[in-house]
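Notes follow the structure.
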Amino acid sequence: MSRLIVISNRVAAATGGNAGSQGGLAVALTSALRECRGLWFGWSGEVTEEFTGQITFQRDDDVTTATVDLEEQDVEEYYDGYANRTLWPLFHYRIDLAEYERGFAGGYQRVNERFAETIAPLIEPDDAVWVQDYHMIPLGTELRKRGCRNRIGFFLHTPWPPRRLLLTLPEASDLVETMFAYDVIGFHTDEWLQSFVDFVVLESGGSYADGILRLGDRQIRLITCPIGIDCAEFRSLAESPEAIETFNQMRDSAANRAMMVGVDRLDYSKGLEERFLGYERFLVENPAERKEVFLLQIAPPSRGTVESYQRIRSSLEGLSGRINGAHADLDWVPIRYVNQGYSRAVLAGVYRAARMALVTPLRDGMNLVAKEFVAAQDPEDPGVLILSRFAGAAVQLKDALLVNPYSAEEVSDAIRTALAMGREERIARWRAMFDNIREQDVLWWRRRFTDALFAATPPLTPEPLA
Ligand code: GDG
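Just so it is clear: in the sequence shown, position 278 is 358 by this note's numbering, and no numbers are missing.
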């Protein structure tokens with residue numbers, strides 16, 4: 081039986097059967113790896129004086145994780161630098177925030193070489209390799225250079241930016257050409273896939289038909305493969321004692337007001353400022369209803385060493401303070417803004433207690449919070465999902481109230497519509513979304529990808545690249 085080797089920036093901690101404490105991605109990959117006696121490789125998160133390539137193995141049931149430490153300069157240039165300051169903003173259409181530094185590009189390349197050098201000797205002839213996300217774009221080529229002729233797939237969790245934006249990256253074409261080493265490349269939506277095709281066809285002269293990208297004698301299968309959540313697990317989490325306790329606590333503290341909830345990593349791509357402004361517009365335009373609602377925004381800080389993240393954090397502190405100062409009353413505060421993370425069970429209880437969710441990213445590969453919110457609802461009395469058109473999730477969740485997150489008016493109107501929505505319509509919309517989330521769950525996602533990967537004839541890429 082073929083083994084699956086997953087390679088990602090970070091590796092989920094060994095599960096020990098406690099899947100409830102982790103995200104859906106970790107659960108899905110862990111189960112895929114377990115079925116295939118697989119190996120999961122990535123950075124340990126630790127910093128070492130000098131890179132040695134020494135691997136720490138950890139074994140749990142049938143899943144082995146293999147991690148390496150990186151040097152401080154690696155972390156600065158590859159992770160904080162190219163991944164978080166260059167590619168992340170660029171891939172979310174924020175070229176105003178993207179920093180283009182040769183040092184970052186060099187560090188990114190070096191770390192990908194180091195990863196390839198470390199993992200290549202562990203790959204056996206029949207293994208299939210699955211590389212995850214924008215941290216590792218050139219890894220396939222680096223593995224080919226080291227003689228790897230296995231099936232290698234790549235999945236991008238973020239959007240793929242339009243060609244004109246991507247061309248602002250000085251080494252864009254070289255970076256994209258490293259992807260021609262993969263046999264299968266997956267995206268969340270047709271839109272991201274098509275943007276990738278547009279770039280390759282125009283800049284590298286490839287052709288695309290019937291899901292196959294052709295470049296000279298190389299063929300790459302491109303697939304749309306929207307990630308899902310572990311729906312069954314999330315539903316049972318929503319009915320766990322911890323979630324029920326949270327639900328009761330939230331309902332008590334809401335004092336008959338409708339709670340709107342937002343849950344996001346504190347990231348500029350998530351549209352938090354625009355969300356607050358849309359909500360404020362609702363408060364101003366609906367004086368009679370305004371005290372019937374409040375917004376609970378959970379936003380655990382992330383990537384705090386990056387300046388653009390420090391800026392968004394302080395901007396949100398200012399904005400929430402200003403809105404609360406301007407609109408609060410003796411017995412009511414419009415925004416509860418919380419900068420910490422909670423367990424998944426607590427989140428599930430919060431989702432279930434909410435009358436609506438505001439999921440309004442400016443750009444998002446998929447967005448799992450939208451799906452978790454739907455999964456956690458009471459089927460007899462579900463809440464309403466307000467969802468950005470610019471999240472990948474909007475393709476599947478057409479029965480959400482879809483909004484343009486840049487328009488405070490649309491956000492305000494959607495809040496009003498959600499508040500007034502009758503139970504029958506809420507149930508009908510919820511049912512349609514829930515059916516999709518249950519069918520196209522995270523196991524569906526990873527089977528769709530790994531089926532395509534295992535079906536690739538190794539190597540579709542004929543010769544190791546020069
Ligand atoms: C990237 C892409 C794509 C949030 N706060 C807490 C917490 N979370 C969990 C959520 C959810 C996850 O983090 C966030 O997932 P998203 O999909 O919303 O966003 P990204 O982190 O940006 O993920 C995205 C995803 O990859 C998968 O491909 O959907 O588009 O950007 O699961 O619940 N979890 C806990 N406490 C918190 O306070 N435990």
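All C-beta atoms in this analysis are idealised placements derived from N, C-alpha and C, irrespective of residue type, glycine included.
Beta-carbon gap between residue i and residue j smaller than 8 Å
i	j	result
Arg432	Ala323	yes
Leu236	Trp272	yes
Leu346	Ala379	yes
Thr147	Ser124	yes
Leu448	Arg469	no
Arg231	Val209	yes
Ala455	Phe327	no
Ile226	Val264	The sequence shown places Arg at residue 226, not Ile. Contact flag unset, no.
Gly445	Thr238	yes
Val440	Val373	Sequence check: residue 440 is Thr here, not Val. For Thr440 and Val373, no; Cβs fall outside 8 Å.
Phe234	Val211	yes
Ile466	Leu442	no
Met339	Leu399	no
Ser388	Tyr417	no
Asp270	Ser82	no
Leu427	Val343	yes
Ile307	His268	yes
Tyr162	Gly187	yes
Glu354	Pro459	no
Tyr158	Pro250	no
His215	Asn336	no
6 Å Cβ shell around residue i - same chain, five flanking residues per side excluded
i	result
Arg528	Cys305
Gly463	Ala434, Arg435, Met436 and Gln457
Ala425	Leu317, Ser320, Glu322 and Ala323
Leu352	Leu396
Arg331	Ala433
Gly421	Pro380
Ser253	Glu283
Lys371	Trp412
Ala536	Arg231, Asp263 and Val264
Gly429	Ala323, Thr326 and Phe327
Ala512	Asp479
Bridge-paired residues (DSSP) for residue i
i	result
Ser287	Arg294
Gly463	Answer is none; Gly463 lacks a bridge partner.
Gly266	Phe235 and Ile303
Phe137	Ala146
Leu375	Met340 and Ile415
Pro381	Leu346
Trp120	Val86 and Thr145
Asp409	Trp412
Thr438	The question names Thr, but residue 438 is Leu in the sequence shown. DSSP lists Ile466 as partners of Leu438.
Asp444	Ala471
Gln212	Phe235
Leu481	Ile466
Thr248	Per DSSP, none; premise fails for Thr248.
Val127	Leu150
Sequence-distant residues of the same chain with beta carbon closer than 7 Å to residue i, five excluded per side
i	result
Asp160	Thr385 and Val386
Glu126	Asp149
Arg393	Leu346 and Pro381
Pro241	Leu170, Phe171, Tyr173 and Ser275
Asn366	Arg496
Glu489	Arg361
Gly285	none
Beta-carbon contacts of residue i that lie in its chain and below 8 Å, excluding the five residues immediately before and after
i	result
Gln189	Pro218
Ile175	Pro169, Leu245 and Thr248
Asn98	Interpretation of Asn98 is limited by its pLDDT of 41, a score under 50 that renders its predicted location unreliable; the figure taken from the coordinates is listed afterwards. Closer than 8 Å at the Cβ level, and outside the excluded window around Asn98, lies no residue.
Val155	Val127
Glu204	Arg83
Gln520	Pro306, Gly308 and Gln476
Glu151	Val127, Thr128, Glu129, Glu130 and Phe131
Residue i beta carbon near ligand 2 (any heavy atom closer than 7 Å)
i	result
Gly463	With respect to ligand 2, the structure shown offers nothing to examine, as its ligands consist of ligand 1.
Is the region 108-115 in contact with the region 520-536, if contact means three or more CB pairs nearer than 8 Å?
-> yes
Are the region 113-121 and the region 162-177 touching by the rule of at least three beta carbon pairs closer than 8 Å?
-> no
Touch check for the region 188-200 and the region 123-137: three-plus C-beta pairs under 8 Å?
-> yes
Three or more C-beta pairs below 8 Å linking the region 497-507 and the region 470-480 | no
Would the region 402-419 and the region 347-361 be scored as touching if the rule is three or more Cβ pairs under 8 Å?
-> yes
Are the region 277-296 and the region 492-499 touching by the rule of at least three beta carbon pairs closer than 8 Å?
-> no
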